[in-house]
Amino acid sequence: MSANQTKEMPTKYDPKESEAKWYSYWIEGDYFKAEGNSAKTPYTIVIPPPNVTGNLHIGHALNNTLQDILIRAKRMQGFDALWLPGMDHAGIATQARVEGMLKQEGVSRYDLGREQFVEKVWEWKGKYADIIRQQWSKMGLSLDYSRERFTLDEGLSNAVREVFVRLYEKGLIYRGKYIINWDPQTRTALSDIEVEYKEVKGALYHLRYPLKDESGFIEVATTRPETMLGDTAVAVHPQDERYQSLIGKIVILPITGREIPIVADDYVDKEFGSGAVKITPAHDPNDFELGNRHSLDRILVMDESGKMNENAGQYQGLDRFECRKQIVKDLQEQGICFKIEEHIHQVGHSERSGAVVEPYLSTQWFVKMGPLADAAIDKQKGEHAVAFVPDRFEKIYLHWIENIRDWCISRQLWWGHRIPAWYCGDCGEMSVSRTDIHQCPSCQSANLQQDNDVLDTWFSSALWPFSTLGWPEATEDLKHFYPTDVLVTGYDIIFFWVARMIFTGLEFTGQNPFKNVLITGLVRDAEGRKMSKSLGNGVDPMEVIDQYGADAMRYMLATGNTPGNDQRFRWERVEAARNFANKIWNASRFALMNLEEFTVEDIDLSGPLGTTDKWILTRLNETITDVTRLLDQYEFGESGRTLYNFIWDDLCDWYIEMAKPHLYGDDPQAKKTTQSVLCYVLDQTMRLLHPVMPFITEEIWQHLPHRGMSITVAEWPKVNEQHHYPESVKQMALLMDVIRNVRNIRAEMNVPLSKKIELMIKPSSDEALELLQKGEEYVRRFCNPEKLDISLSPTVPDKVVSAVVTGAEIYLPLAGLIDLAKEIARLEKEAENLAKEVERVTKKLSNEGFVAKAPAHVVAEEKAKGQDYQEKLNVIHARIEELKS
RNA sequence: GGACGAUUAGCUCAGUUGGUUAGAGCGCUACGUUGACAUCGUAGAGGUCGGCGGUUCGAAUCCGUCAUCGUCCACCA
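Heads up: the first sequence is residues 11 to 895, going by this note's numbering.
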C-alpha cells in the first residue's frame with residue numbers, strides 16, 4: 011500500500027473529524043473484542059464502573075485514559091487483552107437524583123410507590139448509560155462492549171444473592187439491633203466509611219443531675235443535650251474516689267423525672283470533665299456497649315427523620331436541632347444547665363446528603379468482618395500479596411482492614427439489590443434464599459413478606475472483578491481472564507471498594523481479584539481546590555475534547571504527574587498537548603509529501619546508512635526500550651515525555667532537517683534510504699504513541715505505507731538489534747554541537763545583517779574531519795547561505811576562534827569583527843565557566859576518597875571531562891591572547 | 001492524638017536503584033515569512049532543589065529534626 015495523497019492533509023490537525031471516524035472504524039472492525047479461551051496470554055482490566063447518576067467527570071477521564079493506555083499497549087504486545095466495561099447502580103446517589111427530579115414535578119417516591127419508583131429509576135439509568143457510553147467513545151476507550159455489565163443485571167444479581175446466602179449460611183451475615191450511623195435526610199443507615207467527620211464549632215453543655223436522695227447533684231457534660239431525654243444511667247469510673255459513695259445511687263433525670271442509676275464502668279475517663287458521663291444507649295455507640303454491660307434500657311427519642319418522637323414528651327415533633335435549643339433554654343431556666351462552653355469537635359456527616367449523622371439504634375444487616383479481614387491480612391502479608399502502586403497505599407489498606415468493624419449492609423432504599431430474606435407472617439420464621447420464595451419453608455404459609463431493605467451498593471461492587479466474568483458459573487471467561495491484572499482507581503475509594511473486592515475475592519474465588527492496584531490522585535482545579543458541584547469549578551472532559559481533541563486531553567492527563575499524586579487541571583497544559591499533536595501531524599505531512607509513490611515494500615534499511623540514519627535508528631531503539639519499560643512500571647508521565655522528546659527534538663528538529671538534502675537531492679539511493687528510514691521510524695513511533703494518543707496515530711498510520719487494517723492491532727515495536735550504532739550517537743553529538751554554535755554566532759555578534767560571515771571549522775582529529783566532511787552539507791543547511799557560509803579547513807589563517815566544541819573549533823574572520831571588545835568579553839566569560847568546571851573536576855580527582863571509592867567508570871568519566879574542559883580552555887585562552895595583541 | 005504526602009526556575013510539574021555544568025512545558029526577553037509546522041523556529045535570562053544537622057569520596061535523591069501546606073485515620077462525653 012502506498013502513501014495516501016497529502017493534499018487532503020491540512021496544515022492544522024483537526025481532531026474532530028478524525029476522532030469520530032476512527033472510533034466507529036474500530037467498533038465496526040471489532041478490534042476491542044477480547045478473544046477469550048485463547049492460546050494468547052490474557053491481560054484483564056475491569057473498569058471501575060461509573061455511577062449512572064450523571065455525566066463522567068475529569069477524574070473518570072484520567073482513570074479511564076490510564077487503563078486504555080495499558081490495555082492498548084498490551085493488545086499490541088500480543089496479549090488477549092480484555093477491558094471489561096460496566097456501570098454501577100449507585101443506590102443512594104441515583105435514588106437521590108431521581109427523587110430530586112421527581113420533586114421538581116411535585117411528586118415524592120412515596121406517591122409513586124416502590125414498584126413505579128424503581129421503574130422511573132430504570133428509565134433514568136437507561137438515559138445515563140447511553141450518555142456514559144457516548145462519553146467513553148469520545149475519549150477513545152478500547153472497551154469490549156460485548157462483555158458490558160451492570161451491577162443490577164440478572165447475572166450480577168445472581169452473584170449478589172449467592173454471596174449473601176453463602177455468607178449467611180457461614181454465619182458471616184447477621185441481622186440485629188445495633189447502633190448504626192443514621193442519615194435522617196435520606197432516611198437510611200450508612201456504613202462507617204460513609205460518614206465524614208468534620209470539625210465543627212459546637213458547645214459542651216454542663217448539666218447538673220439531682221440525686222434522688224436530695225443529697226446533691228452529679229455533673230455531666232454533653233455536646234448533644236437533646237439526647238438526655240433518652241438517658242438511662244450516669245456512669246463513673248469504678249476507681250474514681252470522688253464518686254465511690256455515689257455508685258449505685260439513683261438520679262432523677264431532669265424534665266422527664268425518670269429515675270436512673272449511677273453505674274461504674276472502666277470506659278469512663280476520670281480525667282475528662284467532671285469524670286461522670288450521661289449514658290444514652292439508643293443514641294451513642296459507646297453508651298450502647300456500656301448499656302449492654304449494665305443491662306440498661308434503650309430509649310429512642312428520635313424518629314427516622316431526626317424529629318423527636320413520643321419518648322421526648324413535650325418536645326415531640328421538634329427537629330433535633332430545634333429541640334436542642336429549646337431543651338437548653340429550659341434546662342438553663344431550671345438551673346440544670348449551669349455552663350455552656352464553646353467546644354470544637356468532630357461531627358459525622360453523611361457523605362451523600364451532607365446531613366449530620368445520628369448514631370441511632372436500629373435493626374440492620376451486617377457482615378461479620380473478623381474472619382474475612384483475617385484472611386485478607388494473611389494474604390497481604392504472604393507471598394501473593396496485591397502490589398499497590400505506589401506501595402505506600404498498602405500500609406493505608408492494611409491499617410484499615412486490621413482495624414475494621416462489622417459492615418452494615420442494609421439500606422432503607424428502594425433502588426438496589428433487595429435483601430433476599432423473607433419473614434413469615436404466621437410462624438415468624440425468617441428465611442434466606444437464592445431465589446424468590448412464596449411459601450414459608452417452616453409452616454408452608456404463603457403469608458410471606460420480603461425484607462424491605464436493599465443492600466449497600468458496595469456489596470455488589472465488591473464482587474465486580476469476578477461477577478462480571480460470570481461467577482458463580484464456571485464460565486470460560488472466568489477461567490481465562492480471572493484474576494485480573496491491574497485495577498486502576500483513586501485513593502478515595504480504597505476502603506469502599508478495593509479492600510472489599512480483595513476480601514470477597516479471596517472468600518469466593520480463593521484468589522486476589524487483581525495482581526496490581528494502581529492508585530491515581532485527584533484532578534483538582536487550577537488553584538488546587540477539589541472539583542465540586544457546589545464550587546462549580548468542575549471541568550467537563552467533553553468540553554476539553556471539544557476544544558482540543560481527545561488525544562490532547564489524554565496526553566495531558568497521562569503526563570500530568572506521578573501516580574498517586576493529585577494534579578491540577580490547567581488549560582495551558584491541554585494546549586501544549588494539542589500543539590504536540592499538531593507537531594506530529596506536520597512532521598508526518600512532511601514525510602508523506604516525500605513518500606509519494608513509496609510503498610511498504612520499498613522500505614529497505616539494508617542500504618548504506620548515513621550517520622543521521624544510524625543515529626535516529628539507535629535513538630528509536632532506546633525510545634522503544636524506555637517506553638516499553640516505563641509503561642510496564644505505570645510511569646505514564648515519563649513515557650509520555652520520552653516520546654515527546656524523541657519526536658520533537660530528535661525526529662523533527664534534527665532528523666527531518668538532515669533528511670532534506672537527501673530527499674531533495676539527486677542521489678536516488680540516498681533518497682530511497684532516507685525515505686525508508688523516515689517511513690520506518692515514523693511507523694514505529696506512531697505505534698509507541700498509539701496507547702496514549704490513539705486517534706492521531708491511527709490517522710497518520712493509515713496515511714503511511716503500512717500493512718494491516720488498524721494500528722490498534724499492529725505489533726508493538728521491538729528493539730532492532732541490527733540497527734544499533736552507539737558510535738553514531740557520538741558523531742551526531744559533534745555535528746549537533748557544531749551546528750548549534752555556528753547558528754549561534756550571528757546572534758552573539760554585532761554583525762550587520764547585510765554582511766556575510768564566512769566561518770571556518772577546524773576539526774581536531776582526522777576522525778572528526780571525516781565526519782564533518784560528511785556532515786558539511788547538514789551544517790550548511792542549518793545556516794542561511796546568504797548571510798553565513800562555512801568551510802572546512804585543518805588550518806585557519808587570519809581567523810579568530812569563536813567557539814570550541816568537543817572535536818572541533820569554529821573560527822570567524824578577524825576582518826568581519828565589528829566589536830573586538832565584545833568578542834573578547836564573550837570568550838572570557840566562556841573561559842570563566844570552563845575554568846570553574848576544570849576546578850571542580852580537579853578538586854574531585856584530587857580527593858583521594860573519590861578516586862579510591864567511586865566506581866572506576868565514574869572516575870574515568872570525570873577524568874575525560876576534565877581533559878575536555880582543559881583543552882577547550884587552552885584554545886580559548888590562546889585566542890584571547892591573540893585578539894588582545 | 002496518630003499516619004502519609006507535598007515543598008525544585010515567575011507558574012504547573014519531572015528528576016527510576018545517591019555519581020552529566022539540576023530538566024520540561026507555559027510565561028518572559030531578543031531575533032526570525034530559509035520549500036512540515038507561527039498550534040512554528042533560533043538564542044537567552046531565570047534555581048544556594050523549604051530550614052538546620054547527619055551518613056558518604058560524593059546528597060535534590062538516604063537518615064534525623066523543625067517549619068509551612070494538604071490528605072487520611074482515630075468513640076473521648
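Backbone N, C-alpha and C define an ideal beta-carbon position, used for all residues, glycine too.
Alpha carbon to alpha carbon, how far is residue i from residue j?
{"i": "Asn-296", "j": "Leu-72", "result": "42 Å"}
{"i": "Val-377", "j": "Val-399", "result": "29 Å"}
{"i": "Leu-122", "j": "Gln-249", "result": "58 Å"}
{"i": "Lys-784", "j": "Thr-852", "result": "36 Å"}
{"i": "Asp-384", "j": "Gln-254", "result": "42 Å"}
{"i": "Val-498", "j": "Ile-57", "result": "8 Å"}
{"i": "Ser-856", "j": "Asn-884", "result": "21 Å"}
{"i": "Ala-199", "j": "Arg-85", "result": "44 Å"}
{"i": "Arg-510", "j": "Gln-144", "result": "30 Å"}
{"i": "Phe-646", "j": "Gln-114", "result": "45 Å"}
{"i": "Glu-3", "j": "His-734", "result": "The question about residue 3 has no answer here: the residues shown for the chain are numbered 11 through 895."}
{"i": "His-887", "j": "Ile-749", "result": "23 Å"}
{"i": "Met-97", "j": "Gln-449", "result": "34 Å"}
{"i": "Leu-263", "j": "Leu-341", "result": "11 Å"}
{"i": "Ile-721", "j": "Asp-140", "result": "27 Å"}
{"i": "Lys-405", "j": "Thr-622", "result": "50 Å"}
{"i": "Gln-685", "j": "Ile-613", "result": "8 Å"}
{"i": "Glu-412", "j": "Ile-387", "result": "7 Å"}
Sorted by chain position, which residues of the same chain lie with C-beta nearer than 7 Å to residue i's C-beta, five sequence neighbours on each side aside?
{"i": "Ser-774", "result": "Gly-817, Ala-818, Glu-819"}
{"i": "Ser-284", "result": "Glu-229, Val-230, Ala-231"}
{"i": "Ser-48", "result": "Asp-90"}
{"i": "Glu-209", "result": "Ile-354, Gln-356"}
{"i": "Lys-882", "result": "Val-814, Leu-844"}
{"i": "Ala-13", "result": "A caution first: Ala-13 carries a pLDDT of 48, below 50, which makes its placement in the model too unreliable to give a value."}
{"i": "Cys-437", "result": "Cys-450, Ser-452, Cys-453, Ser-455"}
{"i": "Val-729", "result": "Asn-631, Ile-634, Thr-635"}
{"i": "Gly-88", "result": "Lys-50"}
{"i": "Met-703", "result": "Asp-561, Arg-564, Tyr-565, Ala-591"}
So the beta strand (DSSP E) residue i belongs to, where does it begin and stop?
{"i": "Tyr-184", "result": "183 to 193"}
{"i": "Tyr-53", "result": "52 to 56"}
{"i": "Ser-455", "result": "Taken as a continuous stretch (DSSP letters only), Ser-455 belongs to no beta strand (DSSP E), as it is neither H nor E."}
{"i": "Asn-526", "result": "524 to 530"}
{"i": "Leu-200", "result": "198 to 200"}
{"i": "Gln-356", "result": "347 to 360"}
Round the Cβ separation of residue i and residue j to the nearest angstrom and send it over; I've been treating them as touching at under 8 Å.
{"i": "Asp-556", "j": "Asn-526", "result": "No, Asp-556 and Asn-526 are not in contact; Cβ-Cβ is about 34 Å, not under 8 Å."}
{"i": "Ile-710", "j": "Ser-803", "result": "Contact flag wrong, Cβ pair sits at about 43 Å."}
{"i": "Pro-430", "j": "Phe-174", "result": "6 Å"}
{"i": "Ile-350", "j": "Tyr-215", "result": "6 Å"}
{"i": "Asn-522", "j": "Lys-389", "result": "7 Å"}
{"i": "Asp-202", "j": "Arg-415", "result": "6 Å"}
Hey, could you find the ends of the alpha helix (DSSP H) residue i is sitting in?
{"i": "Asp-388", "result": "379 to 391"}
{"i": "Gln-877", "result": "866 to 894"}
{"i": "Ser-167", "result": "164 to 179"}
{"i": "Val-691", "result": "678 to 699"}
{"i": "Gln-126", "result": "124 to 149"}
{"i": "Gly-515", "result": "509 to 519"}
{"i": "Phe-505", "result": "Note, Phe-505: premise wrong, no alpha helix (DSSP H); not H, not E."}
Please return the same chain residues whose Cβ sits closer than 6 Å to the Cβ of residue i, not counting the five positions on each side in sequence.
{"i": "Tyr-178", "result": "Val-442"}
{"i": "Tyr-644", "result": "Val-399, Leu-528, Pro-573"}
{"i": "Glu-29", "result": "Ala-560, Phe-705"}
{"i": "Leu-151", "result": "Asn-74, Asp-78"}
{"i": "Leu-371", "result": "Ile-189, Ala-292, Arg-308, Leu-310"}
Beta-carbon within less than 8 Å of residue i's beta-carbon, same chain only, minus the 5 sequence neighbours each way: which residues are those?
{"i": "Phe-227", "result": "Arg-218, Tyr-219, Pro-220, Leu-221"}
{"i": "Val-244", "result": "Tyr-219, Ile-228, Val-230, Val-261, Ile-270, Pro-271, Ile-272, Val-273, Ala-286, Val-287, Lys-288, Ile-289"}
{"i": "Met-11", "result": "Only weak support exists for where Met-11 lies, its pLDDT of 44 falling under 50; the value from the coordinates is given anyway. Thr-609, Val-610, Pro-715, His-716, Arg-717, listed in sequence order."}
Task: Unbroken stretches of the alpha helix (DSSP H), 4 residues or longer, contained in the segment 590 to 673 - done: Complete alpha helix (DSSP H) runs here, min 4: 621 to 642, 646 to 655.
Task: Unbroken stretches of the alpha helix (DSSP H), 4 residues or longer, contained in the segment 237 to 324 - done: Within the segment 237 to 324, the complete alpha helix (DSSP H) runs of at least 4 residues are 295 to 303.
TODO: Please go through the segment 403 to 487 and give each complete alpha helix (DSSP H) segment of 4 or more residues, from N-terminal end onward.
DONE: Correct list: 467 to 471, 474 to 477.
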